[in-house]
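Everything below concerns the one structure shown next.
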Amino acid sequence: MPLVLSGRKYARVVRASIRNRVTELNGSPPGLAVVIVGDNAASKVYVAAKEKACEKVGFHSSVIALSGETTEADILRLIDELNADDSVHGILVQLPLPDHISVDRVASAVMPEKDVDGFHPVNVGRLWRGEDGLFPCTPSGIVGLLHHHDIVLSGKNALIVGRSNIVGKPMAALLLRENCTVTVAHSRTVDLMKQCRKADILIAAVGRAEMIKRNWIKPGAVIVDVGMNRNSDGKLVGDVDYDDVFDVCSAITPVPGGVGPLTIAFLLENTFKARTNLLAK
Ligand code: GUN
Numbered sequence: 003m004p005l006v007l008s009g010r011k012y013a014r015v016v017r018a019s020i021r022n023r024v025t026e027l028n029g030s031p032p033g034l035a036v037v038i039v040g041d042n043a044a045s046k047v048y049v050a051a052k053e054k055a056c057e058k059v060g061f062h063s064s065v066i067a068l069s070g071e072t073t074e075a076d077i078l079r080l081i082d083e084l085n086a087d088d089s090v091h092g093i094l095v096q097l098p099l100p101d102h103i104s105v106d107r108v109a110s111a112v113m114p115e116k117d118v119d120g121f122h123p124v125n126v127g128r129l130w131r132g133e134d135g136l137f138p139c140t141p142s143g144i145v146g147l148l149h150h151h152d153i154v155l156s157g158k159n160a161l162i163v164g165r166s167n168i169v170g171k172p173m174a175a176l177l178l179r180e181n182c183t184v185t186v187a188h189s190r191t192v193d194l195m196k197q198c199r200k201a202d203i204l205i206a207a208v209g210r211a212e213m214i215k216r217n218w219i220k221p222g223a224v225i226v227d228v229g230m231n232r233n234s235d236g237k238l239v240g241d242v243d244y245d246d247v248f249d250v251c252s253a254i255t256p257v258p259g260g261v262g263p264l265t266i267a268f269l270l271e272n273t274f275k276a277r278t279n280l281l282a283k
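To convert, take the position in the sequence shown, counting from 1, and add 2; that gives this note's numbering.
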């Protein structure tokens with residue numbers, strides 16, 4: 003039987019630790035500002051969850067909801083104001099943004115010290131250079147989860163399927179920092195199954211329901227499933243066929259309750275860190 007890596011349980015541990023550290027701040031908690039633009043239903047759900055998570059650990063949070071017609075200049079001006087506001091330690095602009103707004107310009111406008119998403123080029127550079135900084139929440143949570151379960155990473159072959167800026171690329175950098183031998187596969191990879199079969203650690207972040215089957219898995223591999231898809235029955239499933247691979251792997255994250263809860267837990271962790279670093283400046 004493999005070890006089931008519960009992100010839900012680990013996120014509880016992380017939140018409890020943050021709550022304790024907030025208590026020690028004697029009434030001067032971290033503050034997070036979340037900016038949401040337009041009417042994306044999923045984004046509204048995520049932003050509400052972030053606000054609630056802040057409240058539960060004793061952070062200040064504010065949500066700034068802007069219409070889908072807001073100009074890029076207006077958003078950049080708002081970010082400047084938040085950069086200058088000493089009560090705001092973390093700034094997050096929820097993605098996706100409407101097409102007329104450049105994600106790159108918005109990400110670069112947030113000052114690196116408040117960039118709790120880890121999307122600013124300075125933080126991306128710090129991540130790849132092995133320096134300290136703020137790094138993307140989902141991959142940071144995954145490394146935390148693997149450490150929490152004492153899974154050895156050093157020297158292991160890690161395959162990441164997916165090369166997004168939010169998950170795949172930062173995941174590669176973080177696993178490299180953990181001394182994994184890292185491969186990043188993507189939609190143009192030739193013979194993905196063969197790549198998967200070499201992986202001791204397999205991180206699936208492709209967005210294709212139950213694509214990865216048992217004959218793709220190296221026996222004893224650790225599987226982390228970042229996917230959140232609906233299958234043909236409307237059921238929430240990952241990128242990995244969980245039941246099919248279950249008895250081949252040594253550890254696996256479920257969907258739901260695996261990677262999902264880590265993102266917000268590590269957003270809180272980054273916001274706490276941003277406050278600490280800003281005060282130390
Ligand atoms: N939309 C989906 N995931 C994320 C995330 O991690 N950060 C932001 N800002 N937007 C998202």
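The beta-carbon is built from N, C-alpha and C at its ideal position, and this holds for glycine as well.
The beta carbon of residue 57 lies closer than 8 Å to those of 63 in the same chain, with the five residues before and after it left out. The shortest CA-to-CA distance from residue 205 to any of 233, 148, 192 and 193 is the one to 148. Closer than 7 Å to some heavy atom of ligand 1: that does not describe the Cβ of residue 241. Put simply, the stretch 3–19 touches the stretch 149–157. At least three CB pairs are less than 8 Å apart.
Relative to the non-hydrogen atoms of ligand 1, the Cβ of residue 168 comes within a distance shorter than 7 Å of at least one.
Exclusion of residue 197 from the 7 Å shell around ligand 1 follows from its C-beta lying no nearer than that to any non-hydrogen atom of the ligand. Under the DSSP definition of a beta bridge, residue 5 partners with 253. In terms of side-chain proximity, the C-beta atom of residue 140 is found nearer than 7 Å to a non-hydrogen atom of ligand 1. For the stretch 224–282, the full-length alpha helix (DSSP H) segments reaching 4 residues or more read 244–247 and 262–282 along the chain. Here residue 206 is bridged, per DSSP, to 163 and 227. With a threshold of 7 Å, the Cβ atom of residue 265 counts as near ligand 1, since some heavy atom of the ligand is closer than that. In the structure shown, residue 62 falls within a strand segment according to DSSP collapsed to helix, strand and coil. The C-beta of residue 73 has fewer than 16 other C-beta atoms within 10 Å across all chains shown, which makes the residue exposed. Boundaries for residue 99: no alpha helix (DSSP H) harbours it, and the DSSP string shows neither H nor E there. For residue 140, the enclosing alpha helix (DSSP H) begins and ends at 139–150.
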